[in-house]
Amino acid sequence: MSYRIERATLPGGAIDYHVAGMGKPVLYLHAAGGVAISQPMKALAQTHTVYAPVTPGFDGTEMLPGIDSVVTYAAFVGDFAEATLGARFDVIGSSFGSWVAMWLAVLRPDMVDHLILQVPAGFRFDGEGGLPDDPAARMKALYAHPDRITAPPKADAIMAANRQTYEAMAALPAGATVDEALSARLGDIRAVTLILQGTEDPVVPATAGAHLKRHIPVSQRCFVFDAAHAIESDQPDKVSRLWTEFLGRGQGFVLNRGAAA
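To convert, count from 1 in the sequence shown and add 305; that's my numbering.
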């Protein structure tokens, strides 16, 4: 399924987004590397309409005034989703995108139906985890199977700008590694939630998923075996099955996980 790029103009500014498919709308919020159309995203577009906005400042786009944190972007993406997707939809977030998705579910609880938090950022207790600065170590942390990468590479300048924008938006008070404000509001999330983590992921520690599972009222956590941080690339078939089954069964999946889990 081919994705096309469109633009939405909102009171807060214009935002580019990738879109494909037909069916119930799904909002996909990308990781710190920017939008990468994965095999699971292509498969999901066979049964859903998938919208993947480009966070302002990523992938060569311009920053927008007032969008300078995870919270301000979550508020803006809520306005985008309301104008483009409608009143209610499912949400998939990946890493940084999961962080944004959680704030969206807190700020706009009536909008989010099913919520998938994939390798969720924002909760590095005791500073554990994180992405290494060394390029070789970073690659190893991201991919257990680099030979399975299908997304075309981005220019070094684009990736550097993406990381700079991410670091600015994800900055926490006094160098903290846990979003305590979000942690205090996890109980406000009404969406039926699936937390996905890779068994080989050194970037987002297992404690992050355990914390979310304890505090999000209707939630389940699953580990994707033999996957590092980029689980959509490392294990595309497994991730696609988990997405499909969870979005189809919702609370039934959470209470009684199916064969895909």
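All residues carry an ideal CB built from backbone N, CA and C; glycine is no exception.
Hey, S403 and L390: beta-carbon distance below 9 Å or not?
The Cβ atoms of S403 and L390 do not sit closer than 9 Å to each other.
Rounded separation between T354 and R546 - CA only:
Rounded to the nearest angstrom, the two C-alpha atoms are 17 Å apart.
Just checking P541 against the ligand ATP - is the residue's beta carbon closer than 8 Å to any of the ligand's heavy atoms?
Although the ligand ATP was asked about, the structure shown includes no ligands whatsoever.
If L334 sits next to V411, beta carbons under 8 Å apart, how far is it from one beta carbon to the other, in whole angstroms?
Between V411 and L334 the Cβ distance is about 14 Å, and since that is not below 8 Å, they are no contact.
Can the beta-carbon of Q525 be found less than 9 Å from the beta-carbon of V424?
For Q525 and V424, no; Cβs fall outside 9 Å.
Please state if the CB of V509 and the CB of D419 are separated by a distance shorter than 9 Å.
Note that residue 419 is His in the sequence shown, not Asp. No, they are not a contact pair.
Relative to the C-alpha of I521, which candidate in R453, P507, R495, Q540 has its C-alpha closest?
Distance check between I521 and each of R453, P507, R495, Q540 places R495 closest, using alpha-carbon atoms only.
Using 9 Å as the limit for Cβ to Cβ distance, is R468 near chain B?
No chain B appears in this structure, which consists of one protein chain only.
Within the same chain, show all residues whose beta-carbon is closer than 6 Å to that of L491, passing over the 5 residues directly before and after it, in chain order.
Excluding residues within five positions, the ones whose Cβ falls inside 6 Å are H520, I521.
CB L415 to CB A392, shorter than 9 Å?
According to the sequence displayed, residue 415 carries Asp and not Leu. Their beta carbons are under 9 Å apart, which means D415 touches A392 by this criterion.
Within its chain, find whatever has a CB closer than 6 Å to the CB of Y308; leave out the 5 residues flanking it on each side and keep chain order.
When the five nearest sequence neighbours on each side are left out, the beta carbons in the same chain lying within less than 6 Å of the beta carbon of Y308 are those of H323, A325, I342, in order along the chain.
Buried or exposed, going by whether 16 or more other CB atoms sit within 10 Å of the CB of R429?
So R429 ends up on the buried side.
Under 7 Å Cβ to Cβ from V523, same chain only, skipping five residues before and after it: list those, please.
If the five residues before and after V523 are omitted, its C-beta is found closer than 7 Å to the C-beta atoms of V497, T498, Q556, V559, all from its own chain and listed in chain order.
Between the segment 344-353 and the segment 371-379, are three or more C-beta pairs nearer than 8 Å?
The answer is no - the segment 371-379 does not touch the segment 344-353, with fewer than three Cβ pairs under 8 Å.
Taking V252 as part of the beta strand (DSSP E), name the residues at either end of that continuous run.
Absent from the model: residue 252. The displayed extent of the chain is 306 to 566, so no value can be given.
Quick check on the DSSP output: the beta strand (DSSP E) that includes V331 runs from which residue to which?
329-334 is the extent of the beta strand (DSSP E) around V331.
From what residue to what residue does the beta strand (DSSP E) around T311 run?
Reading off the sequence shown, one finds Glu at residue 311, where the question assumed Thr. Per DSSP, E311 belongs to the beta strand (DSSP E) from 309-315.
Reference R468, options R312, T360, Q351, closest by Cα:
Per the Cα distances, T360.
Could you check the C-alpha separation between G339 and Q540 for me, to the nearest Å?
Each residue's Cα considered, the two are about 19 Å apart.
Provide the residue span of the beta strand (DSSP E) that contains I454, from first to last.
Premise fails: I454 is in no beta strand (DSSP E) and is neither H nor E.
Keeping to the same chain, check which residues put their C-beta closer than 8 Å to that of R453; ignore five residues upstream and five downstream.
So the list reads S538, D539, P541, once near-sequence residues are dropped.
Bridge partner(s) assigned by DSSP for P358
Answer by DSSP bridge pairing, in chain order: Y322.
Measuring alpha carbon to alpha carbon, tell me which residue in A481, V529, G328, K518 is nearest T504.
Residue V529 is the option with its Cα nearest to T504.
Of all the options S488, T352, T482, F551, which has the alpha carbon lying nearest to the alpha carbon of D431?
Residue T482 holds the alpha-carbon nearest to the alpha-carbon of D431 among S488, T352, T482, F551.
Reducing DSSP to helix, strand and coil, say where S374 ends up.
Three-state DSSP puts S374 in coil, outside helix and strand.
Grab the span of the alpha helix (DSSP H) containing L547 for me, first residue to last.
Counting along the chain, the alpha helix (DSSP H) containing L547 begins and ends at 541-554.
What residue range does the alpha helix (DSSP H) around R443 cover?
R443 -> alpha helix (DSSP H) spans 440-447.
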